[in-house]
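To convert a position in the sequence shown, counted from 1, into this note's numbering, add 562.
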Amino acid sequence: LLQVPLEKGQSAREYLQEQGLWEQYRLKYPYNPMAKFDPSFAVAGEPMTNDADLAYYG
């Protein structure tokens with residue numbers, strides 16, 4: 563078993579906001595998680611995460 567330390571980086575949202583591009587990005591790519599998945603497989607008991615807010619990597 564190998565322990566990998568987590569490092570906090572900028573989320574995609576933070577980076578785009580810093581560059582002043584967040585609103586433009588959201589208009590071009592509206593948040594619609596079901597667009598990626600076949601609705602017949604929608605049996606998850608947990609809500610999906612917004613990948614733009616992920617900031618920890620390891």
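Even glycine gets a Cβ: it sits at the ideal position worked out from N, Cα and C. Keep in mind that this is a model prediction, so the values were computed, not measured.
Practice task
Give me the Cα-Cα distance between E580 and Y587, rounded to the nearest whole angstrom.
Solution key: Position 18 of the sequence shown, counted from the start, is the residue given in the question as residue 580. Position 25 of the sequence shown, counted from the start, is the residue given in the question as residue 587. Computed Cα separation, rounded: 13 angstroms.
Practice task
Leaving out five residues on either side along the sequence, give the residues of the same chain with a beta carbon under 7 angstroms from the beta carbon of L578.
Solution key: As a working note, residue 578 is residue 16 in the sequence shown. Taking C-beta separations shorter than 7 angstroms and ignoring five residues to either side along the sequence, the partners of L578 in its chain run W584 and Y587, following chain order.
Exercise for the section: Could you please give the first and the last residue of the uninterrupted alpha helix (DSSP H) stretch that includes Q579? Expected result: Counting from one through the sequence shown, the residue named residue 579 turns up at place 17. Membership of Q579 in the alpha helix (DSSP H) is indicated by the continuous run A574 to Q581.
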